[in-house]
Amino acid sequence: MSKIYDFAATKANGEEVSLSTYKEHPMIIVNTASKCGFVNQFQELQELHEEYKDQGLVVLGFPCGQFSDQEFNDMNETMEFCQLNYGVSFQMFEKVDVKGDNAHPLFQFLVSQKKGLLTEDIKWNFTKFLVDPDGNVVKRYAPQSSPKKIEDDLLKYI
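No gaps in the numbering here: position 71 of the sequence shown is 71 in full-length UniProt numbering, and each next residue is one more.
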């Protein structure tokens, strides 16, 4: 059986990183989109990152254009948008697919661990997953759920 630490992903700068790098840290993993109606969630994700990074929290953002093509094609545009508009300093990764045959293996794993309401698939941008310091996917949050709603659950793992 796979564990979250068995996966790797490519950072926005092109560097591949193993998720084992984040072992013993709570993680929030989220599929993002710069042109989505939920884009303001970047601000709350950044706030959580700033408030809890010294206690070990890692926020991992994965841009995705699968839902109404709401992400830039150029990763530099994505990063510039996130940094200029929301001050994003948490770790962002290259654009990935999060559903379907070409879904990134990490997202295949995440949805296998925590099903969504009525479906296993990711329904939209800003689906969020909370992972405990042992690498267990402990909760899934709907796209419309404010990242601040994760805070009470997160505090159990800080």
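C-beta atoms are modelled at their ideal positions from N, C-alpha and C, and glycine is treated no differently.
Y5 is positioned such that its CB atom lies closer than 7 Å to that of K23. The DSSP-derived three-state label of S68 is coil. Note that the C-beta distance between N125 and P105 is not below 7 Å. N85 is classed as exposed because its beta carbon has fewer than 16 other beta carbons within 10 Å across all chains shown.
In this structure, the beta-carbon distance from E50 to K148 does not fall below 7 Å. Contact between the segment 82-100 and the segment 59-67 is present, with at least three C-beta pairs closer than 8 Å. Shown here, V17 sits in a strand according to DSSP, grouped into three states.
Note that the C-beta distance between T127 and N31 is below 7 Å. Distance from the Cα of Q113 is smallest, within the candidate group D101, F62, N136 and A103, for N136.
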